[in-house]
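Read through the structure below, which is laid out as structure tokens, and then see the notes.
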Amino acid sequence: MLAGRLNTDTLEFAVVDVPKPEPDAGQVLIKVQAAGVCLSDAHLIDGTLSPLYLEGDTVTLGHEVAGTVEALGPGVNGWRPGQRVLLQAGEPRADGTVLTRGVDYDGGWAEYAVATASTLVSIPDDLPYEQAAIIPDAVSTPWAAITSTAFTRPAQAAGVWGVGGLGAHAVQLLRMMGVAPIIAVDPISVARERAVGFGADLVLDPDDGNLRERVFEETAGAGLAVAFDFAGVAAVREQAVGCLAPEGKLVLAGLTNKPLTITNGIAFSYFKQQILGHYGSQPEHVEQLVKLTSGHRIDFSRSVSDVLPLADAEKAVDRLLRKEGNPIRLILKP
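For the sequence shown, the working numbering assigns the number 1097 to the last residue and increments by one with no breaks.
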């Protein structure tokens, strides 16, 4: 079968022929129907990110995966061939560590993938595979940031810095929750236009010299109850802190290795503001989102920017890095 394989030592990536895997005890063989291309996949290829728990030096990428059950390994019950499923992006171990699919073990940029049975989530017949695949991570990460890290409530004012693959969904999810107003900040005009379509009340360019004033004007002088950094840019964080209300929260969902600074530390302490780190999601967040899509409370049809054959995985990564068409998610289809 074809699989997109990365050598994490040499950073050589290629779609190559490999043996079709067989499910071990407790595992299920999945025929992959769709797999998302995430910026973290690109960062694995360029060496910015490295696996923590990978055994060996080569891995099949892809942590956003949906498909059908192909075969059951020994001891697996409750599933049958042909069932439509998505795969959780992570798998907890007994020692408390979490392995990430497509990072610490083989993922879904392949014609077939094996998955521990407990990481399967059933999806409804009317949810396209292309949309189901991106729920783990592209949607569940902002959903977890909004609901479990920030504990965002209806009618609160929220800001979203970076309206890419995660931030666009954050705007959409905040709108669904009744958050108001929603202010989206992005340097790319197409992304700002998209934010309006996804439910933002106000869109701003981060280079706007009056950005802080406009945020406070939009929030009737109160400032933001919560601000989300999905850009992973140090300057964004400084700007977002300056837009917070008293006791406001800045949630760091975008990743950067740059220092975190607060220019006015006295004001930050006086107003009892908070900075909260965030990473990924838990299984229940994915399950909640599948339930919401099943109930037609939200759909992700606008999130699939293009579908490419698995053989064009390198092309997809290049398009993502160059922001060609400013995609939300590119999908690989074996």
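Using N, Cα and C, we set each Cβ at its ideal position, and we do this for glycine too.
| Query | Result |
| --- | --- |
| Taking the beta carbon of Y744 as the centre, do at least 16 other beta carbons fall within 10 Å, making it buried, or is it exposed? | Outside the shown range of the chain, which is 764 to 1097, sits residue 744, and nothing can be said about it. |
| Which residue wins for smallest C-alpha separation from L1013, given the options T915, Q935, Q851? | T915 |
| For P944, I'd like the list of residues in its chain whose CB is within less than 6 Å of its CB, leaving aside the five on either flank, ordered along the chain. | A920, D964, E981 |
| So is T1102 buried or exposed if we call it buried at 16+ other beta carbons inside 10 Å? | Beyond the ends of the chain as shown, which are 764 and 1097, falls residue 1102; an answer cannot be given. |
| Between which two residues does the beta strand (DSSP E) harbouring A766 extend? | 765-770 |
| What's the C-alpha gap between A896 and S1032? | 41 Å |
| Using C-beta distances below 8 Å, list every residue in its chain close to D992, excluding the 5 sequence neighbours before and after it, in chain order. | W924, G925, V999, R1000, A1003, L1013, V1014, L1015, A1016, G1017 |
| Any idea what DSSP makes of W842, helix, strand or coil? | coil |
| Given 8 Å as the limit, is there contact between the region 1050-1060 and the region 1023-1037, that is, 3 or more CB pairs closer than that? | no |
| Below 8 Å, can you find three or more Cβ-Cβ pairs linking the region 837-853 to the region 892-910? | yes |
| In the DSSP assignment, find the beta strand (DSSP E) that holds Y816 and state where it starts and stops. | Careful: Y816 lies outside any beta strand (DSSP E) and carries neither H nor E. |
| Taking D1069 as part of the beta strand (DSSP E), name the residues at either end of that continuous run. | 1067-1072 |
| Pull up the distance between the alpha-carbon of W872 and that of T904, whole angstroms please. | 20 Å |
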